[in-house]
Every structure is written in structure tokens, then in C-alpha cells.
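**Student:**
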Amino acid sequence: MVPQQLILKNFLSYQNVSLDFRGLHTACICGANGAGKSSLLEAITWAIWGKCRAESEDDVLHNGTDQVRVDFEFISNNQTYRIIRSRQRGRSSVTEFQIKSGDHFRTLSAKGLRATQEKITTTLKLDYETFVNSAYLRQGRADEFMLRKPSERKQILADLLKLDQYELLATRAKDISKEAKGKINILNERLQILEQDLNQRPDVVANQENLTAEIKVVQAQQEQTQWQLQQLQTSQNQRQQWQKQAGWQQRQCQELTTEIARLQNQNEEIAQQCQKLELLLEQEAVIQTNFQRYQNLQSQEAELAKDFQQYQNLQQQRQDLEQQLQRQENELARQTEQQLLRLEHLDKQLAELQPILAQQQDIEVELGKLKTAKQKLSQLDNLQHQVAPLLQRSSVLQADLERARAQCQAQLEQRQAIAKQLQIAIAAIPDQRRAFQALDEEISQLKNKQVYLKRVEEKGQERGHFKERLQENQRLFEKQLRELEQKLSLLDIPGATCPLCEQGLDGHYHQQVIEKTEHQCQELRNQIWILKEQITLADQELAILRNEYREIADGLNNLEQLLQHYGQMEAELEKSGENHERLVDLNEQIADLELSLNQGTFAASLQLELAVLEQELTSLAYDEQTHALARSTVDQLRKGEIRHAKFREAQAKHRQLMADRPGLEEKLLALRSQLQSLGTSSLLHQQWQQAEAVLSQLNYNSETHQQLLGELRRQQSWQLRHQELEQARQQLPILVQRAQEYRELIGDRQQALGERQRELAQLEEQIRQYADHREQIQLLEQELGQRRQQLDNLLAKKGGLEQLLIQIDTLQEEYEETKQQFNQAQKQFRIHEELSKAFGKDGIQVMIIENILPQLEAETNYILARLTGNQHHIQFVTQKEGKSSTKRKPKMINTLDILIADAQGTRPYETYSGGEAFRINFSIRLALAKLLAQRSGTALQLLIIDEGFGTQDADGCDRLVAAITAIASDFACILTVTHMPQFKEAFQQRIEVNKTEFGSQLAIVS
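Everything in the sequence shown is counted per our numbering, starting at 1 for the first residue and increasing by one.
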């Protein structure tokens, strides 16, 4: 991976900068402490993998911003790629992965952030951990490998090589081998039980043959009895058939007898109805005479009803006309009264206006005085309009001057307070640096504990899963034990049958089955006891792990707080470089502000403008009291205006009232004339007289009408008799015909009854000729039922034996399958037992480390020779004699000691310090970086060295620069980070980082 361009927006200390790596081969990133040198490199890791030193994702945002974005363009495998990663505060990141095609970039992003990240890692063949342990020598981690104890170095090397995956494979292989071992024990016990069940097959086959012969004999007897029963049932069925026919003939006779009686009753009812109708027809003359009289009365009543209707209409018309005359008379009287009231009110208003009209001369004198006072007030108002803006501006200028003074005073106090804080902060920088280093060491130790805590948690989960498997096996064995105990309880019953084939058991076989079942129960109890012991051990291991986890977790409770404190201290140290310059600027600003306040030279333009305004106000000579007195005089004289307005209003009203009076008098005379003519010559009076004349001509007598209605009600019954007469004329012929039909039906039914009685007598004679076989049939059916039950029992036993044979065949298949599983489990156990050893620390992990160490040693010595001028040589020792080792019995222990040979001899690494130790650390670290890159499958084209050169003397710095120059051909780009002036001057190309009020800024210097 070769960087091409980096664009930062609101990332950590940067706001909006870009860096072009094209043309940079070996460059130095330099700047003061806290300027943002490491942040520039952290932006690369955050853009590619979304990871950096920030604890939370929102910590990468620049202070006071809500969105961050990093664009990183690089070359990998001769292809140009670009990664754009952005994030809004409180939301998830967004990543865009692109490849250059021609002059444009096309996207390679997958669906979702995780899938896109996996695609980036696959394309680079490099993950975050490998990068920071190979290409990126991070600040403060160059000597991490060397400072550990020899017994811990091998573990660190294994972690760097990611050998922990082999440890996970070894643990998984152990778990699978344990599961296979438990499965072998279970399958072995099952095979023994299946072999015992399969040995029962010969006895079951013999019992099946005996039952088959017995079933054939019983079936032959059953067929003979069935033939006899069929013969008797045929005779009995014929007899029952004739009995059914006889019963049907009896029911037919009864139905015919009932129907004949019903027809005779209906015939008698028809005869009675004919007799009543004949009596009614004999009275026809009387009914006709009275009905004719009734019709005449109806005609007379209709004519009188017509006259009555006309009489009522005329009466209603007369009443309506009388009411209308009354209403018009009342309305005219009301209008006359209203006109009289209006005339009285008009006269009263005229009398009230006379005093007002008499004041005309006084009102004109007051109006003259008011006009003079208004002229004087107008002159004073004009003068006030000229003075008011000047006064308002004067007050505004005075307020502005006060605010300017207060602002200067506030700025002075604020800068004095900030200067005091800066002095305190500058004095505390050495203590902060020491506390920062101590805090970094404490956080490093806690992170190592955090890694160990994760391993304890994984181990606890593994033991928990193992315990669950043991409990599942225990439940399975307990279920089998309950089933066997239930079989034993059934075998204890006298005369018990076999639980499998349901056959009776003789004494010897009964005892054998009991012993076999008890033996199986005992074996299951032993297995359950073993499982309980294993569960107890697992619980103890889990309790130990929980206690250890709890102790470590309690120690990690303040890690988050320490990390926050670490970030705060780091930010404070980054700002410490700016404090000196800020303090000098603040002191200069404080001196200027104090001078301005003491001499009163602040806001000079405002003070000049205020003096000019005061001169203008003096020249205008405006007096507020004179203005107020004139305004009061005008207010007092305004009453004359009000009296003049009332006078003019009274004149207008007097003229209007005098004009309205003649009209009111004319309306009053007209209303009185209409009221007099209403009762003599009006149209309504004429219509009323006409209605009276028509009523007198109409000859209608209500008493005569009522008498006629009474007579009509009395004669109304003859109308009903006439209707009955008409119905009798129509119904009598019909009833006579119906009576004739009923007499014919009665004769037919009597003839049919005689025929049914003769047929019934013949059937009773035939029934007496056949005997009744019901008792014999019942005995034969009982015999058949008993024999059928016997046959069913035999068939059930045979079916049980056949089912048992099927079960034995199924058990045979299960036996073969279980045997195959048993062999497979043994094979799996052997394979994973070997794999657990191969993947363990004494297996492939040791082989990998043993193969890596010679390469690491050779590469380290190659780099170290360049740094020291071939003065030092390194050697890795992986084994040494233990303290209890003797010449006869040497005992070797695993270690990873580092021996350094120089001109004075060979001695351990721990005896070196300062520049020598750093050169050794740098050589080993760089060699490790190359090896890790080779193992990841990618070439190490980028090398980043972040700080760590402060312990070098001048000669060491020259050698370090020479070593970097010597290995420059192995890399496409080398970036070193330092704040040392003598070191950065050794590089021809530098990337200088400066902290400003607009964030960190970059500049490339060649």
C-alpha cells in the first residue's frame, strides 16, 4: 500500500487540510508536541479500518463540529484505490470504497458497512492489527516486545503472529474429543442392550409357529357353526317377512276404517249447512223489501250531507271576514296612536333646543381665544420636533460611551483572568507530563488485564457449554433409568408378562429378565454418578473462573474513566505549546486596555459627536415648561369647540324637526278617515253581507238530518241479511254436489276394507305354517362370539409376536447403525485427540515460532548492523537449563532470552539502556514488521515510525538516519514522526505540522 493523497475535514485537531504524498519517498513529519503529527497517521487507519486511538467513535470529531470526513487515495497491486469514510455525531459511519478506472473512480462498495469493510481488508490483504504491528511503529510501542520478561516474550510473539487461532483450534479439538469420548461410552452401553434384545429372536419365532397352527383349528370350527347359523337365519327371515306384511295389512285396515268415519262426519256437516241455506232462501221477499228501503234512506242522507257541507263552508267564510275586519280596525287604531305620540315627542324636542340656540354669542367669543392659543402651541411644537432627535441622539451617545467603558473594563478583566490561568497551566506542564506517562503505563497494564479477562470469559463459556452437555446426558440416563425401574415394577407383579412381547414368563426366564434389568439400572446409576461428579467439577471450575473474572472486572472498573482522563490530558498537552505565545499577546493587550481607560481615549468619535450636539441644543433655546403651559391653555379652551359643535348640532336638528311636523299631521288625518270608512263602505264589509245572504237562502235543517241518520242505522242490518242471501244462492248448489261425492267415496273405502281383511287372513295362515327359530339362533350367535373372542386373542398374540419381530429387525438396523456410529466416534476421538496436541502450545505453535525466530534474527542483525556499524549482534535463545537441572538429568525450560554481542562480549538485553537499547528495539521491531507483512501475503511498501528518537545521541541519530536511508529502497514510502530539530534537519523532505486557531495546518518543505 503506497499513499497518494489524504484529505481531512474535522478530524481530531484538523479542520480542513489535504496532503499529497506523490513525490514523497523518505519524509519526516515534524512539529511541536500536541500539534497533531500522530493524528495525521491515525487518520489513515481510521479511513481504511475505522479504528484509531480514540476510545469512542465520536471522539474523532473536531471540537465544536458534528461531521467528520477522511478521503484516502493509495496504490495497491498496481491499482489506484480511494476510501471515503464519514460520520455524523451520534450516528454510524458511512464508507465508500472506489477503484480508479481511466480518469474517474467507480465504486466497489458492498451492501452494508461490514461487507464493505471486509472487501477493503480482502483487497489489501491486511487487517488493522497486522498494520499497526508491521507498517506502523506507533508512539510508545516500539519497545513493548523487549521490555517484557523472557517468559512473556514468546506469548507476545505468538500474539503478533496471531497464533491464538491455533489455541482456539486446540480448545475446540479437545472439546470435540471429550464429546466423542462421552458418545463412545453411551454408544457402547447401547450396543450391549441391543445385543441382549436381539438374542430373543429364536424363541419368538417358535411361539409364532405354535400360534399359527392353533388359529387354523379355531377358524375351521368357526366356519361350521357359521353355516348352521345361516340356514336358521334364512328360515327365520322368511317368517319375519310375512309377519311384516301382515302388520302392514292391519295398519291399512285401520286407516280405511278411520277414513270412512271421517267421510261420514263431513257428509253430515254438509247436510246441516244445506238445511240452513234453504231456510234463508225462504225469507227472500222480506229481505228484498227492507233492503230497498235501506237504499232509499242512503240516497236522502247523501243529499243532506251535501247541503251540510255547503252550510259549514259559508259559516267559516263569514267568521273569516269578521276577523279580518276586526284586525284592520285594530291596526288603523294602533297607527293613529303612534302618529299622535310622534307629534308630542317632536314638540318636546323643539322646546329642549331653545336654551342651546340662545348661547350663540358667548360661543363665538370663546372660539376666538382658542384660535390664538393654538397658533402659539403650534410654534412650540415645531421647535420641539427640531430638539427631540438631538436629545435622543445625545442620550444614545452617552449610553454608548458607558457601554464602551464597561466593555473595555470587561475585556481587561477577562484577559487578566486568562493570563493568570495560562501562567498556572504553564507551571503545571512538567507535572502533567509525568502524570500522563504514569497514566499511560497504568492504562497499558489494564488493557492487558482486559485481554486476559476476555480469555477467562471464553473459558467460562466453554465450561458452561460442557456442563450443559453433561446435564443433557444426565437427563437422558435418568429417563432410561425410570423406564427400567417401571419395567421392574411390572415384573414384580405375580403372573407378569414380558414387557416387550406380552407373553407369560416362567420362573427361570422371569428371574433372568429381572437380573438383566437390575444390571442395566445399576450401570445407568453408575453413569449418572460419574456425570454428577463431572458436573460438580465443572461447577467448581466455573466458580473459580467467576471469582477470577469478578476480581479482574473490579480492577477494570475505572478503565473507561482513565481513558477519558488520558484523552483530556493528551488534549491539554497538545494545547500547552500555544500557551506561551498566548500569554505574551495577552500581556500586550492588557497594557493597551489599561492605558485607554486611564486616559479616557476610548470611543473618541462618540465623544466628539456628543459635544457638537450640545452646542446645537443651546442655540435652539427650547423651554419645556413654556411648552407645557401653552398645551394646558389650549386644553382649557377646547370646551368652546365642544359648545360650538353642540350649537351647530341643535340648529340642524331644529330645522329637521320643523320640516317633519306637517307630514306627521297629514298622516294622522288620513288614518282617522280610513277608520271611519272601514265599517260602512269597505270591500270586506261588502263580502260579509254577501255571505249572510247566501246562508239565508240555503234551506238546511240539522234536526231533520239527524233523524234520517238514526233511521239509516236501524235499517243497516238488512244490508247484512241481503249479503247472506246472495251467498246462500251461490253456496247451496256446491254443497249439494259435495255431499254426493262424499257418499261415493264412502262406498269405495268400504269395498277396499273388505279386500284388505281377506288378504290379512291368508297371511296369518302362512305364518302359522313356519316354526320360530329365535332361541336356536341366539345360542349359535353366543357360541360364535366366544369363538371369535378366542380367535381375536390368538391373533392379537400373533400380532404381538410379529410386532416384536419387526422391533427386533428395527433393533438390528439400529445395532448396525449404532455400531457404525461407535466406530466413527472412535475415529473422531483419535483424530481430534491428535489435533488438540498438534494445535497446542507444544505443537504447531512451537514449530512456527522456531521457524520464525531464525528469520527474525537474521533480519534484525541485518538492520542492527546498519545502525551500529556492525558493532552489535543479536541472538534469540528459546531454551535454557532450569534451576533444578543437573548434569545427569538436564532439565530444559522454554524461554525467549535476547543476547547481544558487542566488542565487550555477550550479555543480556536488559543490561542495555538509552540509545543502544533503542537501536536494538528499532531493529527488532522493523524486522518483525517485515515478517508480519510477509505472513499476511502482502508486500510492506509503507513504513511509519512514530517518535522514539529522543534517547539517541548525535551519533545515534546519524546512524538511525543512515539506516533509514539504507532500507529506503525496500519501501515505496517511509514516514518518520519527531519533534527533535536536529533529527528533522537530516531529511530533505519534511511535512511540518503547526497548531493554529483554525486547527492543525500542514506544509511540505523540500
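All residues carry an ideal CB built from backbone N, CA and C; glycine is no exception.
Quickly, what does DSSP pair Y14 with across the bridge? List them, please.
**Tutor:** BP columns for Y14 point to F11 and S1000.
**Student:** So E42 and L12 are in contact, right, with Cβ under 8 Å, and what is the actual spacing, rounded?
**Tutor:** Yes, they are in contact, since the Cβ atoms of E42 and L12 sit about 7 Å apart, within 8 Å.
**Student:** Are the beta-carbon atoms of Q607 and L377 separated by less than 8 Å?
**Tutor:** In this structure, L377 does not lie closer than 8 Å to Q607 by Cβ.
**Student:** By alpha-carbon positions, which one of L684, Q192 and T258 ends up nearest to E329?
**Tutor:** Measuring from the Cα of E329, the nearest candidate turns out to be L684.
**Student:** Work out the CA separation of Q730 and Q266 for me, nearest whole Å.
**Tutor:** Distance between the alpha carbons of Q266 and Q730 is about 20 Å.
**Student:** What does the alpha-carbon distance come out to for the pair N448 and E548?
**Tutor:** N448 and E548: Cα-Cα distance of roughly 15 Å.
**Student:** So, for L391: in the same chain, excluding its five sequence neighbours on each side, which residues have a beta-carbon less than 8 Å away from its beta-carbon?
**Tutor:** The answer, listed in chain order, is L617.
**Student:** When burial is assigned at 16 or more other CB atoms within 10 Å of the CB, is Y452 buried or exposed?
**Tutor:** When all chains shown are included, Y452 counts as exposed.
**Student:** One question on the structure: do L763 and C253 come within less than 8 Å of each other, judged by their Cβ atoms?
**Tutor:** No. Outside cutoff.
**Student:** When you compare only the Cα positions, how much space is there between A142 and I863?
**Tutor:** Its pLDDT being 47, under 50, A142 is placed unreliably in this model, and the value from its coordinates should be taken loosely. Rounded to whole angstroms, A142 to I863 spans 15 Å at the Cα level.
**Student:** Please specify which runs of the alpha helix (DSSP H), each continuous and at least 4 residues long, are wholly inside the region 105-130, giving them in chain order.
**Tutor:** For the region 105-130, whole alpha helix (DSSP H) runs of length 4 or above, ordered along the chain, are 113-124.
**Student:** Since Q1010 and E73 should fall inside the 8 Å C-beta cutoff, what is the C-beta to C-beta distance between them, to a whole number of angstroms?
**Tutor:** Only positions 1 to 1006 of the chain appear in this structure, which leaves residue 1010 out of reach.
**Student:** Please state if the CB of I945 and the CB of H872 are separated by a distance shorter than 8 Å.
**Tutor:** For H872 and I945, no; Cβs fall outside 8 Å.
**Student:** Taking A47 as the reference, which of I844, G34 and Q98 has the closest Cα?
**Tutor:** Answer by Cα proximity: Q98.
**Student:** State yes or no: is the C-beta of L867 within less than 8 Å of the C-beta of S923?
**Tutor:** In contact: L867 and S923 (Cβ atoms closer than 8 Å).
**Student:** Give me the Cβ distance between L811 and V204, rounded to the nearest whole Å; I'm assuming they're in contact under 8 Å.
**Tutor:** Contact doesn't hold; Cβ gap of about 12 Å is too wide.
**Student:** Hey, could you find the ends of the beta strand (DSSP E) F21 is sitting in?
**Tutor:** Per DSSP, F21 belongs to no beta strand (DSSP E) and is neither H nor E.
**Student:** Please classify F876: does DSSP put it in a helix, a strand, or coil?
**Tutor:** F876 falls in the strand class under three-state DSSP.
**Student:** Please state the DSSP three-state secondary structure of Q676.
**Tutor:** Three-state result, Q676: helix.
**Student:** Less than 6 Å between C-beta atoms, sequence neighbours within five positions excluded: which residues of the same chain meet that for A1003?
**Tutor:** Same-chain partners within the cutoff: E992.
**Student:** Would you say I777 and R239 are within 8 Å of each other, going by their C-beta atoms?
**Tutor:** No. Outside cutoff.
**Student:** According to the neighbour-count rule (16 or more other Cβ atoms, all chains shown, within 10 Å of its Cβ), is E755 buried or exposed?
**Tutor:** It is exposed - the Cβ of E755 has fewer than 16 other Cβ atoms within 10 Å.
**Student:** Can you tell me the Cα-Cα spacing of L709 and E303, whole angstroms?
**Tutor:** If I take the Cα positions, the gap works out to 12 Å.
**Student:** Is the region 287-296 close to the region 784-798, with three or more CB pairs under 8 Å?
**Tutor:** Counting Cβ pairs under 8 Å, fewer than three are found: no touch.
**Student:** Going by other Cβ atoms of all chains shown within 10 Å of its Cβ, with 16 needed for buried, is F21 buried or exposed?
**Tutor:** F21 comes out buried.
**Student:** Can you give the Cα-Cα distance for T116 and N188, rounded to whole angstroms?
**Tutor:** Roughly 51 Å separates the two Cα atoms.
**Student:** Just reading off the alpha helix (DSSP H) that T860 is part of, what are its end residues?
**Tutor:** Here the alpha helix (DSSP H) through T860 covers I844 to T868.
**Student:** Can you tell me which of the three DSSP states Y770 falls into?
**Tutor:** Y770: coil per DSSP, three-state reduction.
**Student:** Less than 8 Å between the CB atoms is what I'm expecting for V877 and D902, so what's the real figure, rounded?
**Tutor:** About 17 Å separates the two Cβ atoms, so there is no contact after all.
**Student:** Could you check whether L113 and L412 sit closer than 8 Å to each other, using their CB atoms as the reference points?
**Tutor:** No, the pair does not count as a contact, with Cβ atoms beyond the cut-off.
**Student:** Which residue wins for smallest C-alpha separation from Q317, given the options P355, A691 and G840?
**Tutor:** Ranking P355, A691 and G840 by Cα distance to Q317 puts A691 first.
**Student:** By Cβ distance below 7 Å, which residues in the same chain neighbour A927 in space, the five residues on each side in sequence not counted?
**Tutor:** Around A927: L856, E859, T860 and I863.
**Student:** Rounded to the nearest angstrom, what separates T406 and L586 at their Cα positions?
**Tutor:** At residue 406 the sequence reads Ala, which differs from the Thr that was named. Each residue's alpha carbon lies about 19 Å from the other.
**Student:** Using the rule of at least 16 other Cβ atoms within 10 Å of the residue's Cβ for burial, across every protein chain shown, is D71 buried or exposed?
**Tutor:** Buried: at least 16 other Cβ atoms inside 10 Å.
**Student:** Determine the closest residue to E195 out of L657, P662 and K819, with distance taken between C-alpha atoms.
**Tutor:** Nearest C-alpha to E195: K819.
**Student:** Applying the 10 Å Cβ sphere with the 16-neighbour rule, what's the burial state of P1062?
**Tutor:** Summary: the structure shown does not reach residue 1062, with the chain confined to residues 1 through 1006, and so no result is reported for it.
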